[in-house]
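Numbering (our numbering), first residue to last: 18 to 95. By construction, the Cβ of each residue, glycine as well, lies at the ideal position given by its N, Cα and C atoms. Here the structure is a predicted model, which is why all the values come from computation and not from measurement. Beneath this line is the structure, given in structure tokens, with notes to follow.
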């Protein structure tokens with residue numbers, strides 16, 4: 018999971034060079050994908066045993082949504 022997050026952050030940083038909003042959307046994909054993995058059946062969720070599944074999915078999707086909203090609220094200055 019950590020390697021996936023680091024690769025997502027690196028991809029978002031590379032996309033931020035092109036456009037700030039594109040980088041933010043790519044960064045928001047990371048927690049959304051984590052929420053998808055968390056929603057999968059048991060063999061994929063064996064490493065997630067310390068918290069409620071619903072709380073994890075809701076937190077990841079909330080974070081992804083907030084990143085996208087924040088990206089479009091920040092004005093572009095050029």
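CB-CB length for residue i against residue j, believed under 8 Å
i, j, result
"residue 25", "residue 47", "3 Å"
"residue 29", "residue 19", "With a Cβ gap of about 16 Å, residue 29 and residue 19 do not count as contacting."
Residue range of the alpha helix (DSSP H) that includes residue i
i, result
"residue 68", "Run containing residue 68: none; DSSP gives neither H nor E here."
"residue 26", "19-35"
Assigned secondary structure, residue i (DSSP; H/G/I helix, E/B strand, else coil)
i, result
"residue 49", "helix"
"residue 59", "helix"
"residue 91", "coil"
Minimum Cβ-Cβ distance from residue i to chain D less than 8 Å
i, result
"residue 51", "No chain D appears in this structure, which consists of one protein chain only."
Beta carbon of residue i nearer than 8 Å to that of residue j
i, j, result
"residue 49", "residue 32", "no"
"residue 91", "residue 42", "no"
"residue 56", "residue 74", "yes"
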